[in-house]
Amino acid sequence: MGDILQLVLKRLGLGVVTLLVISILIFFAVELLPGDIAQAVLGQAATPETVAALREKMGLDQPAILRYFQWLGGALTGDFGVSLISGERVSEAISGRFINTLFLATYAAVIAVPISIILGVIVALLRNTLFDRVANVVTLTSISSPEFFLGYILILYLAVKTNYFPAIASLSTDMSFGELLHRTFLPALTLVLVVTAHMMRMTRAAIINLLASPYIEMARLKGVPPWKVIVKHALPNAWAPIINVVALNLAYLITGVVLVEVVFVYPGVGQLLVDAVSKRDFPIVQACCLIFAATFILLNLAADGSDMNTFVIGYYALLIGASCLAAYFKKRQLFLLIFSLTLISFVTGIVGGVGALRFITVAAGLLALAAGVSYAFREFLIIIASDGVAKELRTAPLTAAFGMFVIFTYAIAGIFAPIIAPFGEAEVISSAFAPADENMLLGADQLGRDMFSRLIYGARNTVGLALVATSLAFILGALTGLLAATKGGWFDQLMGRVADVIMSVPSLIFALLMLSIFGTSLFVIVIIVALIYSPRVFRLTRAVAGNVVVMDYIEAAKLRGEGNWYLIRREILPNSTAPLVAEFGLEFCFVFLLIAGLSFLGLGIQPPTADWGSMVRENATLISFGELTPLIPAAAIALLTVSVNFVVDWMLFRSSGLKDLRIEGYSDEQWIEIVHGVDLTLHKGEVLGLIGESGAGKSTIGLAAMGFARDGCRISGGSIEFDGMELTTTPEGDLRALRGSRIAYVAQSAAASFNPAHRIIDQHTEAPIQYRIQKRVEAQEDAMELYHRLRLPNPDEIGFRYPHQVSGGQLQRAMTAMAMACRPDLIIFDEPTTALDVTTQIEVLAAIRDIVDQFNTAAIYITHDLAVVAQMADTIKVLLKGEEVEEAPTEQMLDAPSEDYTKSLWAVRSFKRPQKERPTEAGSIPIVSVKNVDAAYGKIKVLDDVSFDIYPGMTVAVVGESGSGKSTTARCITGLLPPTKGEIQFNGESLPPRYQDRTKDQLRQAQMIYQMADTALNPKIKISEIIGRPAQFYRGVRGAELKNRVDELLDLIELDPAKFYNRYPPELSGGQKQRVGIARALAADPSFIICDEVTSALDQLVAEGILKLLDKLQEDFNLAYMFITHDLATVRSIADEVVVMQRGKVVEQGAKDEMFTPPHHPYTDLLLSSVPEMDPNWLTTLLEERGTDSIGEAANV
């Protein structure tokens, strides 16, 4: 409770500070008026006496700072002064109107929020269906349409043509509540259409994102029904982003009503603000802007604290639960049919009775025409595009192709407007509002000018101005965002706070404030709009670049000594292009709609220049006569915006990585067989080990044993029989029951597979309660009994914790207990110890073996670790690329494998080179000396008096569990983390603590090879440049000499230069990427290389090749290695000396052969004895030697 109160107070304090800064901006903006403020308000025709009187009334004879505090003090008490035009007190002018605005926003929210969330969940459940695609088009169209366009459409069809509702939302004090709802329905519905679309899309995105989470897959594998997966597992984790979106849209409802109030002549604060801006009534402008900003900030604070809105959650949980039941109750076809009929009825009702059939026919024809044009345009682009672009265009949906066609058409119209337009931009050719004829396709406007010609010129003016403003906003935002992400520190903090302040004021309100002060010239509009939207670009750019900056290849470039501009230009920007290009499209839509809205209010592009927003305003009176002509410019705005959104939506889909996901089974628009005729038989109480390298099909086969296939996979043939049941033909509901009760699954990462929103015991008891095996109390008692059996600490209490409150090893054992909750007949263990240290691995292995033995359960144990599978399996099956290599009992397989591939896997464990001795010659000095180093992250000390030496040509392995300080020591050596005490010496000379202070040659001498090759190599840069850059940077190698050097390095790492020179990292396997990382380090001609867990992410066969390569390179170039690892098998293979670290201290160090010979430090002995051996009896012997009959203390003795 204290933490929540502290968070609330912190948020409120931040809101108060932000509002204070905004109040300063609002007040002093008026001071920026050129010349005398009173003269500017009254105009040049005012007499000196009138100007003097106004100066006195405004208090301009006093200092500005004093006037500010007087104004702020009055604002805090509700006194904003007096209107300069009417003489009315500002608070009285605003109070009633603010209540009206608040009512309208509330009315819209009551309709929009439940509908949008329910539809968002349903669309997420029906994703990738026709319903989802139609909903996407509808929501994009609604979001892309300006409010005044939607408002006038509703007025035309629901007020003028049908007379269902009034066109003007006039209010009176004597009307009933029902009449009030009736009169304000159309303005509320206008807001609902925009807000519902946005909230629905965000809700859909949140749910879909969560449905891909490991804990959702775990719930499905437990047999939890789909509706319960959504309600219990997805929604609790989706509420924070959903409520955040709701709160932000409620803020829009309060502050975004300006245009709606003007369209419907609604007596709210928005209309008052527009009038005040046009009359330069600054007290009212300042008061309205401050009230809007305060409301916006308050609702944003509610969004930040959305996890506390439990009462909202409870209400909507009921609604969404009902919608989930309806969608998944095997009534989808009926649901879609009813919904479609309802939608058609609504549309046809709007269009009007008898003409409905004609409307549907015309609409279908237009859709068919649009689809044909879009297809033809896409094919045209494919023909003229390069091969790479053409390949992407072939995947573009017709909506994106339609968007490209519209954008192309608008561009041609804008560029060649004087040629295409039949008349001049301001040429008067007829009487006012003349109807359309053969010369004027759309008739004349209020001055007798050709509407069609002005529409074409409007494409040049409105779109062109929006493009310029967007470009400026993007340049400002992207540049500052990239610099902030790269430099960090005070610059990042400063720019972040500036962006927060600007974004705290609603965009339209900010624009109205600035335009009231600086006027409405095109230059002012561009600057103001760019200033408004550049913070959005800044935030996105900083976020995208921030994700890139943490990659290892950025760290490698920094340690190389590269400057910020190189990092931005070559390392960060190529990996940020796709989302930034998509963001440019989105920003253009926002800017375009804002400029159109300003023009509609009469504050944007000024007459006689043609502009689509002002064209709607100038001809709006025709709507009352049922004419569609004024809506054509608004439709042009909506068409361009939705077209850009179609293209952006496709680009975001591509840039999000969804197209490039590794999907087993479905690839390149065809189904590919990935498991080829594998057979396995498993009896009760037996454990089958599935082993093979990555991509062998181990996990796919394991899940298939449950009758389950991940998204993108399908079971296309063969038989899966479980206890006499054929799972390939078993109904889905029966399969869920089997998975929940008789077949269980233990995932590789328990931390990812437990739902963070629920306590461990609640997830444990879910399946037994669901299938009525136990009641809740019984299930909880049984869970505690299993926790006792698995020797979890505090077994009666640990289940009531949340997953993040429990260690990784304990979570993995808790997941094993959860798998046993229903006493299943079969458990699938999918690499459950891969991510664990050797000591933690002992706990989990012993837990799994004990529980399988105690309950006589059959199990499939999936792994690529030979020694681990030797401890767990009765039988081992070896797989390669989806095919069975061989199968045999464990001891037979270990002693005498029959196939060459299996023998090669076994041979990996035998690689070991002789130990080298330290040089004994006088004067020999270490190449690297770590002397009495302490280090800390903030106030937390992480290294304590660490000392060791590394000599030329030798390998020192630094070993220990996670958190022991191995990688931190490496960061101190490289200068990424300056020591708080001690020093790092290189060839006997002290190195500067910070890498930024080291010389270029000092940086060159020490290089690093990273654990994860995927993050260590820039995916957007060719292999040749990745390898060649260090040679170019350090040695100045260029041209043919550089190519020869890259070829030489590729030969050294045993990759063919002809094949790999022009390839990119994503085209390489894991082992090949690691070899490129080695070549990049060698390109600098170093004498010392840090190898940070370089084989831990690789299969053992690939890892052996890397170790042999590193050994060969060390012999050829006399390199010194610091090998960071927790795999003692790797230490045996390649190390000369070993440094053992525990909790930031060196507990033991010495020559390798000595370290593997007793006696040892107790911690060293624990590490050594915890490494699995290729002996099926090793685990049993180990537990007996440690004096434990099972687990728990096994890793801690």
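Take 3 as the starting number for the sequence shown in the working numbering and just add one per residue.
For every residue, glycine included, the Cβ atom is placed at its ideal position computed from N, Cα and C.
For M406, the enclosing alpha helix (DSSP H) has its first and last residue at 400-417. According to the DSSP secondary-structure assignment, F1119 is paired through a beta bridge with no residue. Straight across, the Cα-Cα distance linking T79 with M516 is about 25 Å.
Measuring C-alpha to C-alpha distances from I527 to each of F988, I422, S509, T488 identifies S509 as the nearest. Judged by their CB atoms, G977 and R1000 are nearer to each other than the 8 Å cut-off.
Residue state for I1091 is assigned as strand, using DSSP reduced to three classes. Close CB contacts of L682 within its chain, under the 7 Å cut and outside five residues either way in sequence, are with L690, K879 (chain order). Membership of Q987 in the beta strand (DSSP E) is indicated by the continuous run 983-988. About 7 Å separates the Cβ atoms of L633 and I155, confirming a contact at the 8 Å cut-off.
In this structure, the alpha-carbon of G272 lies about 42 Å from that of H235. Beta-bridge analysis with DSSP links R451 to V430. For the set R1037, G1041, A1033, the Cα lying nearest the Cα of L1051 is the one of A1033. Cα atoms of E734 and V779: separation of roughly 29 Å, rounded to the nearest angstrom. Straight-line measurement puts the Cα of Y1063 at about 32 Å from the Cα of R915. Where T865 is concerned, the enclosing beta strand (DSSP E) starts and stops at 860-865.
Taking a contact to require three or more Cβ pairs closer than 8 Å, the region 469-482 and the region 527-539 qualify as touching.
Note: Y939 is bridge-paired with I942 in the DSSP secondary-structure output. Taking 8 Å as the cut-off, the beta carbon of L21 is found closer than this to the beta carbon of A295.
Out of L603, I607, L1019, the CA that lies nearest to the CA of R619 is found in L603.
Using a Cβ distance threshold of 8 Å, T841 and S1172 count as a contacting pair. According to the DSSP assignment, L881 belongs to the beta strand (DSSP E) that extends over 877-882. For the 8 Å CB-CB criterion, Q288 and I28 form a contact. About 13 Å separates the Cβ atoms of Q1009 and F988, ruling out a contact at the 8 Å cut-off.
Here I101 has no same chain residue with a Cβ atom under 6 Å from its own Cβ, once five neighbours each way along the sequence are excluded. Boundaries of the alpha helix (DSSP H) harbouring Y217: 216-223, taken from the DSSP string. In this structure, V932 places its C-beta atom within 8 Å of the C-beta atom of S949.
Taking C-alpha positions only, I1092 is separated from A1122 by approximately 9 Å. For L106, the enclosing alpha helix (DSSP H) covers residues 92-127.
Excluding five sequence positions before and after T482, the CB atoms of its chain that fall closer than 6 Å to its own CB belong to M497, F540, given in chain order.
According to DSSP, D951 shares a beta bridge with S931.
In the pairwise beta carbon analysis, the region 175-185 is classified as not touching the region 77-97: fewer than three pairs are separated by under 8 Å.
Boundaries of the beta strand (DSSP E) harbouring G691: 689-693, taken from the DSSP string.
By the C-beta density criterion, E1106 is buried, having at least 16 other C-beta atoms within 10 angstroms.
Below 8 Å, too few C-beta pairs join the region 545-555 and the region 605-612 to call them touching: fewer than three.
L395 and K230 have their C-alpha atoms spaced approximately 39 Å apart. The beta carbons of V125 and R206 sit about 5 Å from each other, so the pair counts as a contact at 8 Å.
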